[in-house]
Amino acid sequence: MDPVAIAGFVLFGLAVGTYGTLIGAGGGFIIVPVLVLLLKWDHTQAVGTSLFVVMANAASGSVSYLRQKRVDIITGLQFAAATVPGAIIGSFLVEQLTGRVFNIIFGSILVIVSLYLMLRPGKPESHQISTDKPQGIKGWGWTVRRIVDARGSIFNYGFSMPLGILLSFGVGFLSSILGIGGGIVHVPALVTLFDFPAHVATATSHFILVFSTATGTATQLSLRHVQLGPALSMAAGAIVGAQIGGALSSRVKGRWIVRGLAGALTLVGLRLIIG
Amino acid sequence: MMDDTQLTDDTTYRAAAATLRAGMLASFAAMSVGLVWWLLSGSPGGNGAASRVMPFDHIMPELLSLNPLALLNLGVLLLLATPGVTLISQLIAFGMARNWRFAAITALVGAIILVSLSVSLGWVKLF
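Protein chains in written order, with numbering that gives the first Met the number 0: chain A, 0 to 274; chain B, 0 to 126.
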C-alpha cells in the first residue's frame with residue numbers, strides 16, 4: 000500500500016468513526032458501499048474488512064460512552080446475547096433473502112422509516128418519558144431503568160425486556176442480510192418503539208456492537224475476507240474518530256442524532272433499491 | 000414489574016471502560032511494533048504479506064521464530080479477544096457487588112457468544 004492510500008483510508012476511517020459513533024452505528028453502512036462501488040472491491044472482502052473496522056470503532060466509542068456513563072450495560076449485554084444468534088441464523092438464510100424483489104421492498108421500507116424519523120425524530124429528552132407500566136403486550140416483562148450520567152443528567156425510561164430481546168434478535172438477523180453491524184436499525188427502533196432516550200440508545204447500541212461484531216469479525220478473519228492493510232488504516236482513523244463522535248454526542252440534541260440516523264437509513268435503503 | 004433502577008455502579012462502568020481501553024491499547028501497540036519491525040527488517044514477503052491474515056494457530060510458532068508479521072497478527076487477535084475479556088471483567092464486577100442475577104446474565108451472554116463463535120468458525124456443526 001502506498002502512503003497516499005494509507006492516509007486516505009485513515010481519513011476515511013476518521014470520518015466514519017466520528018459520524019458512526021455520534022449516531023450509535025458502527026459505520027458499515029458507509030464503508031461497504033464505498034469499498035464496493037467506488038474502489039471496486041469484491042463484496043465479501045468489503046464486508047469482512049468493514050466488520051473489522053466496525054468492531055474497532057465500537058470498542059473505542061464504547062470507552063467514550065462508558066466514561067460518560069450513558070451505556071445501559073445490563074440491557075446492552077442481554078440485547079447482545081440475542082443479536083449474535085440472530086446474525087448466525089441470518090447468515091444461513093442470506094442466500095434466500097437477498098433477491099432483487101426483497102431488496103427493493105426492504106429498501107423502500109427503510110427509506111419510508113427514515114422519512115418518518117426526519118419528520119418526527121422522537122420525544123424531547125428523557126424527563127417526560129413515562130415509566131408507568133403500559134397495558135397489553137407492551138407491558139410484558141416491563142423493566143424500568145434510571146441512568147444518571149457523568150454530567151448528572153437523569154434518564155428514566157421503561158420498556159418490555161422480552162420484546163427488546165426479540166427486536167435485538169431481528170436486528171442481528173437483518174445485519175447478516177444487509178452485511179452491516181445493525182446499529183442503524185437498533186437505535187431508531189429503541190428510540191421510537193421502546194421510548195429509550197436517544198443518547199442512551201446510541202451509547203448502548205455501540206456497546207452491543209462490540210460483542211455482536213466480535214463473532215462476525217473472527218469468522219471473516221478465519222475465512223481470510225479481511226484486507227489487513229486497509230482495515231488497520233481505517234481502524235486507526237475510526238478509533239480516533241469514535242472519541243470525537245462520543246465527545247460531540249454530549250453537545251448534540253437527541254432529536255438531531257435521530258435525524259442523523261435517518262440520513263444513514265436513507266443511504267442503506269437507496270443502496271438496496273439501486274442494487 | 001421489574002425495577003432495576005440505578006443498577007450499574009461506578010465499578011461496573013470503570014471495569015468495562017478500562018478493559019476495552021487496555022485491550023485496544025495492547026492490540027494497537029502490538030500491531031504498530033509488528034509493522035515497524037517488519038518495515039525495518041526490509042519488508043520480507045513484500046507489501047502483500049502485511050495485508051494477509053495469518054491463521055490463528057500459526058501466530059505463536061511464527062512469533063517464536065521472530066516473524067514480525069506474527070506480532071502484527073497477535074495485535075489483531077488481542078483486539079478480537081477484547082470483548083471476551085470485557086465480559087469477564089463485567090462478571091467479576093457484578094460478582095464483587097454480589098449482584099448474582101446480573102452476573103448470571105453476563106455469564107449467559109458469554110456462553111451464547113462462545114457457542115455462536117464455535118458454530119460460525121465451524122468448530123461445532125449444526126447441520
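Just so you know, even glycine gets a beta-carbon here, dropped at the ideal spot from N, CA and C.
Option nearest A:I272 by Cα separation, candidates A:L37, A:A261, A:G106: A:G106
Inter-stretch contact (C-beta, 8 Å, three-pair minimum) for the segment 48-67 of chain A and the segment 228-246 of chain A: yes
Proximal chain B residues relative to A:A217, where beta-carbon distance stays under 8 Å: L79, L116, S119, L120
Unbroken beta strand (DSSP E) run spanning A:I312, endpoints: Outside the displayed range of chain A (0 to 274) lies residue 312 of chain A, so it cannot be described from this structure.
Residue-level contact to chain A via CB, B:V75, 9 Å cutoff: yes
Anticipated Cβ contact below 8 Å, A:I30 with A:V186, distance rounded: Not quite, the Cβ-Cβ distance comes to about 18 Å (not below 8 Å), so this is no contact.
For B:F55, three-class secondary structure by DSSP: helix
Residue interval of the beta strand (DSSP E) (run including A:S159): 153-159
Where the segment 85-106 of chain B meets chain A: residues whose CB sits under 8 Å from a CB there: T85, L86, Q89, F101, I104, T105
Extent of the continuous alpha helix (DSSP H) run through B:I91: 67-95
Alpha-carbon spacing of B:L113 relative to A:A80, whole angstroms: 10 Å
Nearest-angstrom beta carbon gap, B:L79 and A:T48 [assumed within contact, 8 Å]: Going by Cβ atoms, the distance from A:T48 to B:L79 rounds to 15 Å, so no, they are not a contact pair.
Sequence-distant residues of its chain with Cβ nearer than 7 Å to A:H42 (five each side left out): V35
The segment 104-123 of chain B / the segment 20-30 of chain B touching (three or more Cβ pairs under 8 Å): no
Alpha helix (DSSP H) runs contained entirely in the segment 189-268 of chain A, provided each spans 4 or more residues: 197-221, 227-248
Own chain residues within Cβ distance below 7 Å of B:P67, not counting five before or after: G33, W36, W37, S40
Neighbour-count burial assignment, A:S134, 16 or more Cβ in a 10 Å radius: Going by the sequence as given, residue 134 of chain A is Gln instead of Ser. Classification for A:Q134: exposed.
C-beta neighbour in chain A for B:M59, strict 9 Å: no
CB contact check: B:L35 to chain A, cutoff 9 Å: The question names Leu, but residue 35 of chain B is Val in the sequence shown. For B:V35, the answer is no, since every Cβ of chain A falls outside 9 Å of its Cβ.
Minimum C-alpha distance to A:V184 - residue among A:R99, A:A261, A:N102: A:A261
Residue interval of the alpha helix (DSSP H) (run including A:R99): 99-118
Exposed unless 16 or more other CB atoms sit within 10 angstroms - verdict on A:G99: In the sequence as presented, Gly is not what sits at residue 99 of chain A; that position holds Arg. When all chains shown are included, A:R99 counts as exposed.
CB contact flag (A:L76, B:I91, <9 Å): no
Residues bridged to A:W40 (per DSSP): The partner list for A:W40 (beta bridge, DSSP) is empty, contrary to what the question assumes.
Cα-Cα separation between A:L192 and A:F158, rounded to whole angstroms: 9 Å
Burial state of A:Q95, where buried means 16 or more other Cβ atoms lie within 10 Å: exposed
Among A:L266, A:Y64, A:G140, nearest to A:L177 - alpha-carbon criterion: A:L266
Any chain A beta carbon closer than 9 Å to B:S50: yes
Which residues DSSP lists as bridging A:R145, in chain order: A:N155
Three-state secondary structure (DSSP) of A:K187: Reading off the sequence, residue 187 of chain A comes out as Pro, not Lys. Of the three classes helix, strand and coil, the one that applies to A:P187 here is helix, per DSSP.
C-beta atoms of A:L208 and A:G16 nearer than 9 Å: no
Nearest-angstrom Cα separation, counted from A:F28 out to A:A55: 15 Å
Beta-carbon gap between A:Q67 and A:S249 smaller than 9 Å: yes
When A:T74, A:K137, A:V9, A:G85 are compared against A:F168, the one with the closest alpha-carbon: A:G85
A:S113 CB to nearest heavy atom of the ligand ATP below 8 Å: By its list of ligands, the structure shown contains no ligand whatsoever, and the ligand ATP lies outside what it can speak to.
Euclidean distance between Cα positions of A:Q44 and A:Q226: 7 Å
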